[in-house]
Structures are given as structure tokens and as C-alpha cells.
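Using the working numbering, you'd call the opening residue of the sequence shown number 100 and step up by one each time. This report concerns only the one structure given below.
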Amino acid sequence: MSNSFFFLQADKNENNSDFIDALEEYTNSHKKQIYVIDRPLGDSKYSYDFRCALILLIPDHKIILMNFGGDTSEFNEFTEDFIEDLGSISDKFRYKNIIGRPRNWRDLLIISVQYDSSLLNIGKLLTEFRLNNSLDKKKCELMISLLTGSINDIEKVKGSVPDNILDKIKQKIQLFDGDQTRFVYQKPSKKRITIQGLSGTGKTELLLHKLKDIYVEHKNSKVIFTCHNKILADSMRKRIPDFFNFMKVEEQIKWHERLWCVNAWGSQSNKDSGVYSYICNFYKLSFYRYSRENSFKRICKIALDEMAGLDIGQHGYAFDYILIDESQDFPKSFLKLCEKVTKNTVYVAGDIFQSIFDDNIISEIQPDYLLSKCYRTDPKTLMFAHALGMGLFETPKLRWLDDREWNACGYIVNKNNHGREYVLTRESLRRFEDLDSEEFDSVNVVKTSREREEDAEIKIIEIIKNIVSENPTVLPDDIGIIFIDNTKNTYLSADNLEQSIPREFGWKVNKAYESKVKIEDTLFVSNKNNVKGLEFPFVICVTKKINNSRNFRNALYMMLTRSFIKTYLLTSQDSNLGLIDKLEDGLRVINSDGCLKIMAPSKEEKELIKTTITYEEESISYYDFVYGIFDDLGIPLAIRKKLYDVAKNIVGDDFDYENVQDVITFNYDKMCKLK
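Here is the structure:
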């Protein structure tokens, strides 16, 4: 079974196997992160002739170089070479100004030992080499990040040890866990490698590391990075050069020659605009535009059928590698098409919770790497978000998982009352260990009044004042305000905040549904469509009524988990009679006991849940699709036909919810202003 607390890169042999087994057993029982390597990772130029050493990397402990029977003088040379290389890597990523030159830390933070059987007592070993000084611990973690390739922005983590929670979390050094590190460095064993995890488990970041590794190590390879959404693909295309620069990649990016970052479909007139358009051009296949008859699922099947008799080996492969993000947005036929045209490996990353309303998650998702730890969000926030998303505090519930599915989502399952009461817990994370020692609630439910439209705006100002009071170093872009309801009143509230926040705090406001980006040193205000991939220390989620639609509950889950310190859920007490009491009771248990305590639904209720929530999205007509958005937005009946015609003329039969919604919202606002 995979152990996210343990990573082994070095070769296991008869000399070190007992010790490695003892380390792995210790990580399992004590939940302690340990890496075992024999050279720095991330760059193939660092290697050593001496093969009898292991390097132990353990947060809060000295870096341990251990000799398993090799010649002492050769081991000493290995030690000197390793320290020299670590100093070189530190200089490369500009860590030297923080951790100093090797002469400043070699005796303080690195220890060389000869292995003997007494070291099998791992607890004693860790006690002996534990660091007690906070600054030394921080320097050692920075070294671990360099050696494992989990590079942190030195400008963000800084060199000092902060004295307040906001800065402690913001400056926390992020280290890949065992599963994440394995994905980045382990050689693929088959054509398609699948990585699944919750939002915030680092999937996109891992794909970027894999992309960098492929691009640097395989210098003549053709690589394409894709996701379904055009906006997200454009965003990633801008992010890749920044990431390469940050990782000190020396190779120049050769766009549309060695590297592509595009959405899945593309245009017939521009072969480089999409994966499908490139494949059709490369293999001279029929290109199909979108229509009611031609869904993406269908056109990928048609392409596969046309290629059935083609000798790919003779004709050539379109790409050497394909990396697919947000795979839950794609049909299986697209993944098969990608495999068909790729010479080496297709890497596929998806969000397991986006399939939470499917009949059976596990049967559909059998990943090679399952990431169950969400590093963006405090575990208590994640528990509350999952509970609200699945209606676990309500009767009947909206969704229930079996034990394997709970495990896949990162939960430890215990049962009481003959299996009827579930007690669900999550492992604590290093990023939030500073919160564990504080009297701190990571979620607040704030009740607003339905009678006063401005009540939510007043409460938002009060929350920001409280955040500023408790966190003197807070910046405007540390706070995100997200309106989940796309109604006229939502945008009126955003306009009002754009006026009141500068008066109250002297901060500028960025209405992200207009700018489409996060702007430094401005307070972020958005609807639910422009926050994918973003995170904030503090998030204020605003909705009037919590309804039971699948889209709404999934959006609510996604928005609540944008924070890494605290989330505020503002909702109308009058519009949610009975529900708020249940939410507050469930949240009280999460905060006091650190777990979800819920009663399992009966067999009959489980069947009802499945009947209620299962549907096939592609079976609906475009008319029903658009009118469903009208329902979500609360568009008056009298102008729906006119808005439908406008949307159809502008975007065609496009089932992209965000695009259609943006067109409707923009034109509805124009109509209202004209009146």
C-alpha cells in the first residue's frame, strides 16, 4: 500500500534493507515524513560513484548521511561532494542569502554516521538528531526542498521565523509528500499514468514539474499540455514560462515546435489551437465542428474509427508526451485518442470529488497515484465543505460514499453504534500545524437577513475589519470575496463594495468577473466562475439560499475550500430555516472533536439518493441547457427568449457553462441599465 509519508529513491539492497524497512514502518505508525535518497533529485547531473550511502531527509532533524559498509575515506569524499553540490543548488535558487554558505551550516545541520544495528531504533535515532532551534529547522526544511526538487519561492518563505498565524501559514515551506514525489520522479510503467485527488492536492503543480522534467531530459520530444477550458488553457500557457523561469530551466521554450499548451478541441483553420485540431491535421482526418449531433465524445470516437487501419508506427506519432489536466471534464474517447497518437506516455490528472455524484467513484477511478491530502485547505474546512456539498448534515442526504470511497477522499473511517454512526477524520498536515496549537476555528457561518439587501455587505465589512484587527500584516489580496449566486443583486453588491471598501480600508477592489485575473495588492471580488486554481488566506463566500442542485453544491464545496486559514460562509437565516442550525451543530463537532460524526443513511435512503442525483448531462438539449442557466440566475420569464437568441448568436451551441453564463449576465445587466 502506498505511504504518502515515505519516499524511497535510493536502491534497496541486502546491506540497507532492514534499516529502510524500519524507517517505512516508523513513518506508517508515527505519520512522520521521511525521504531516503542517494543524490539530489531534480537534475541528473548530480550523481556519485560511492554506492554505499543513504541520505535521510526528515523535517525538524539534521540531514543524515549514513554509510552502509563502504570505505571510510570514500564516504568522506562523498560527504564533501554532497555538501558542495547542495551549496551549488542553494546558490542556483538564491537560497544562499537565507541559509548561508556551506561553512555556516555543514556542522550544524548535517551529520555523517556509520550504520550499525542499534540505528534500527528509529525513535532513538530521531531523538538524537532532532533540531530544537526554530531558525535551524527552517533552514533544514529549505535544504530538503532543494534536495527533493520541491522548490519554494524564497521571497515568500523568507528567512525569519514569523510570530503570527497569518505569516506562519503564508511562509510555511511546502514539501512534496511521498506520493507526489513518486509521481514526479518515478519512471512510467505503462502508456497512460493517472493521478487523481481532491482540489488542492497539488495535481496541476505536479504536472508542471513533470512537464519540466520531460522538456529538460528529453530534448527532442514533442509535448502538449491540455485542459478542456479555453480560459484555463490560456492561463496555463502564461504560467508555464513563469514556472520554467522559477525552476531555472535553461532550455528555451519552442512553442508549436516542441511544446504546446492548448484546449482540447481547437479550430480547423489553426492546427496549433487544440489537441483535436492538431491530430486531424497531422493524420489528415475529417474535422468536425461542434453541433448538437457532434459532441466532443462523438467526434473523438469518429477520429479513432478513421485511424483504425492506420499504421501509427509507420506514419509517426503526433506527440511524444501528452499531459491532461482536469481530466474529469473529458470523455473516455478523448483519453483513448490521446493514447493512440502518443509515442511514450500520457499523464492524466483529475479531481476525484468532481465525480462525487456518480454512482460509483471507485469503479470509474483506478489511478496510479491517488492524492488524498489537500494541502491548500485546513482539514476542518475540508470536512465542513464536503459535508455541505454532500448534504451530510441533512435528511435525506444528497450523497453517500462507501468505505473505500471515503478512504479515496482522504478520510479515516471509524464506526460506532453497530456501524450506523460514522466518525470520519483526516490526517493533520504540516502546513496547518500552527493552527492546531491555537484556539482557532477555520470556518464561520455568518447569518444575514433576507429583509435587508445590504445586510450581507455590512457583514462583509465587519468581517474584514475583524480580519485586519487580528492580523496586522494582512494585505488586500489576502482576502477573496466570492458570490455564489449569479443574480442582479450580486453584481449590485459587488459595485457597492467597490465603493465602500476603499473608503473603509484604503484598498482597491478587483472585480475579477470583469478583469478575469487576480491583481496584486487589490481585494478580490468575484462570482464563482473566476476562482479556479486560486487560494487566499481568508475567503468570504456569499449566498442567499443553499439549494440542493448538484451544480450549486459542487460550486459551494469548491468556493469554501479556496481558503488556507479561514472561510466565512454568509447566508440568509430566513431563506435557510432549519438548515443553518444543522450546519452549526455539525461544525461545532468538527471544531471541538476534529471529526465528522454522521449517521449512515438507510438502504432505502441510499437508493433514493442515487435516483435523485443521477443524470446524463449530454442528453439535454441546448435549449434546456440555456434555460437551466436562466433558472440558476433567476432571469425573468419575459426576457428569456430574447436572451436565448442573443446567447445562441454569440456562442453558438456551446455547452460551456461559464461562457454562456457570462454572455447572459453581461447582456442582462445591459438590458436592466437601459430600462
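All C-beta atoms, glycine included, are put in the ideal place defined by N, C-alpha and C.
For residue 363, three-class secondary structure by DSSP: The residue labelled residue 363 in the question sits at position 264 within the sequence shown. The answer is coil: DSSP assigns residue 363 none of H, G, I, E or B.
Residue 351, buried or exposed, once every other Cβ within 10 Å from all chains shown has been counted against 16: Taking the sequence shown and counting its residues from 1, one reaches residue 351 at position 252. Counting every other CB atom within 10 Å of its CB across the protein chains shown gives residue 351 a total below 16, marking it as exposed.
Where residue 512 sits in the DSSP three-state scheme: By one-based count along the sequence shown, residue 512 stands at place 413. In the three-state reduction of the DSSP assignment, residue 512 falls in the strand class, which pools E and B.
Residue 231 to residue 184 span [Cα, whole Å]: As a first step, residue 231 must be located in the sequence shown, where it is residue number 132. As a first step, residue 184 must be located in the sequence shown, where it is residue number 85. Rounded to the nearest angstrom, the two C-alpha atoms are 26 Å apart.
Buried/exposed call for residue 446, threshold 16 Cβ in 10 Å: Taking the sequence shown and counting its residues from 1, one reaches residue 446 at position 347. Its Cβ being crowded by 16 or more others within 10 Å, residue 446 is buried.
CB of residue 686 within 7 Å of CB of residue 512, strictly: The count along the sequence shown starts at 1 and reaches residue 686 at position 587. The count along the sequence shown starts at 1 and reaches residue 512 at position 413. No, they are not a contact pair.
Cβ neighbours of residue 595 in the same chain (closer than 6 Å, five flanking residues each side left out): Start at 1 with the first residue of the sequence shown, and residue 595 comes out as number 496. Closer than 6 Å at Cβ, skipping near neighbours: 556.
Nearest neighbour of residue 509, chosen from 472, 194, 618, 280 [CA to CA]: As a first step, residue 509 is located in the sequence shown; it is residue number 410 there, counting from the start. With distances taken between Cα atoms, residue 509 lies closest to 472.
Beta-bridge pairing of residue 640 - partner residues as DSSP gives them: What you label residue 640 is simply residue 541 of the sequence shown in a count that begins at 1. According to DSSP, which records beta bridges pairwise, residue 640 is partnered with 581, 668.
Distance between residue 426 and residue 432 (C-alpha atoms, nearest Å): On the sequence shown, position 333 is the one that residue 432 refers to. On the sequence shown, position 327 is the one that residue 426 refers to. CA-CA distance, residue 432 to residue 426, rounds to 12 Å.
Length-filtered (3 minimum) beta strand (DSSP E) runs lying within the stretch 592-649: Listed in chain order, the complete beta strand (DSSP E) runs (minimum 3 residues) inside the stretch 592-649 are 607-610, 621-626, 635-642.
Under 7 Å between C-beta atoms of residue 486 and residue 695: Your numbering for residue 486 matches position 387 in the sequence shown. Your numbering for residue 695 matches position 596 in the sequence shown. Taking C-beta atoms as the reference points, residue 486 and residue 695 count as a pair closer than 7 Å.
Segments of 3+ residues assigned as beta strand (DSSP E) that fall wholly inside the stretch 469-522: Counting whole runs of 3 or more residues, the stretch 469-522 contains the beta strand (DSSP E) stretches 511-515.
8 Å contact criterion, which residue 639 and residue 580 should meet: CB distance rounded: Numbered from its first residue, the sequence shown carries residue 639 at position 540. Numbered from its first residue, the sequence shown carries residue 580 at position 481. That pair is a contact at about 5 Å.
Three-way DSSP call (helix, strand, coil) for residue 586 in this model: Numbered from 1 along the sequence shown, position 487 holds the residue referred to as residue 586. Looking at residue 586 - three-state DSSP - the assignment turns out to be coil, as it is neither helix nor strand.
Same chain only: Cβ atoms within 8 Å of residue 429, ignoring 5 sequence neighbours per side: Residue 429 sits at position 330 when you count from the first residue of the sequence shown. Cβ neighbours of residue 429 beyond the five flanking positions: 327, 363, 395, 423.
Within the stretch 108-182, ranges of the beta strand (DSSP E) (whole runs, at least 3 residues): Taking only runs of at least 3 residues, the beta strand (DSSP E) segments lying wholly in the stretch 108-182 are 133-136, 152-156, 162-166.
contact_flag[the stretch 290-310, the stretch 404-424] where n(CB pairs < 8 Å) is 3 or more: The answer is yes - the stretch 404-424 touches the stretch 290-310, with three or more Cβ pairs under 8 Å.
Residue 448, enclosing beta strand (DSSP E) - first and last residue: Here residue 448 corresponds to residue number 349 of the sequence shown, with the count starting at 1. In this chain, the beta strand (DSSP E) harbouring residue 448 covers 441-450.
First and last residue of the uninterrupted beta strand (DSSP E) at residue 220: Within the sequence shown, numbered from 1, the residue matching residue 220 stands at position 121. Per DSSP, residue 220 is not a residue of any beta strand (DSSP E), being assigned neither H nor E.
Beta-bridge pairing of residue 423 - partner residues as DSSP gives them: Indexing the sequence shown from 1 puts residue 423 at position 324. Per DSSP, 325, 447.
CA-to-CA distance, residue 297 to residue 676, given in whole angstroms: Taking the sequence shown and counting its residues from 1, one reaches residue 676 at position 577. Taking the sequence shown and counting its residues from 1, one reaches residue 297 at position 198. Straight across, the Cα-Cα distance linking residue 676 with residue 297 is about 31 Å.
Same chain, Cβ closer than 7 Å to residue 346, neighbours up to 5 away in sequence not counted: Reading the sequence shown from its first residue, position 247 is the one you call residue 346. Only 250, 311 meet the Cβ criterion.
Nearest residue (CA-CA) to residue 361, options 409, 331, 389, 390: Reading the sequence shown from its first residue, position 262 is the one you call residue 361. Nearest of 409, 331, 389, 390 to residue 361, Cα basis: 331.
C-alpha distance - residue 106 paired with residue 276, whole-angstrom precision: To locate residue 106, count along the sequence shown from 1; it is residue 7. To locate residue 276, count along the sequence shown from 1; it is residue 177. When rounded, the distance between both Cα atoms is 8 Å.
Residue range of the unbroken beta strand (DSSP E) whose run includes residue 544: To locate residue 544, count along the sequence shown from 1; it is residue 445. From DSSP, the beta strand (DSSP E) with residue 544 extends over 542-547.
Cβ pair residue 607, residue 593 closer than 7 Å: In the sequence shown, residue 607 corresponds to position 508, counting from 1. In the sequence shown, residue 593 corresponds to position 494, counting from 1. Their beta carbons are not under 7 Å apart, which means residue 607 does not touch residue 593 by this criterion.
Residue burial classification, residue 616 (beta-carbon count within 10 angstroms, cutoff 16): For the purposes of this step, residue 616 is taken as the residue at position 517 of the sequence shown. Exposed, since its Cβ has fewer than 16 Cβ neighbours within 10 Å.
Whole-number beta carbon distance between residue 109 and residue 133, since they are thought to touch under 8 Å: The residue you call residue 133 lines up with position 34 of the sequence shown. The residue you call residue 109 lines up with position 10 of the sequence shown. About 12 Å separates the two Cβ atoms, so there is no contact after all.
Range of the contiguous beta strand (DSSP E) that encloses residue 211: For the purposes of this step, residue 211 is taken as the residue at position 112 of the sequence shown. First-last of the beta strand (DSSP E) with residue 211: 209-213.
Alpha-carbon to alpha-carbon, residue 244 and residue 198: For the purposes of this step, residue 198 is identified with residue 99 of the sequence shown, where counting begins at 1. For the purposes of this step, residue 244 is identified with residue 145 of the sequence shown, where counting begins at 1. Distance from the CA atom of residue 198 to the CA atom of residue 244, rounded to whole angstroms, is 12 Å.
Own chain residues within Cβ distance below 6 Å of residue 118, not counting five before or after: The sequence position of residue 118 within the sequence shown is 19, counting from 1. Contacts found: none.
Short Cβ contact (7 Å threshold) for residue 674 with residue 644: Within the sequence shown, residue 674 is the residue found at index 575, counting from 1. Within the sequence shown, residue 644 is the residue found at index 545, counting from 1. The answer is yes: Cβ separation under 7 Å.
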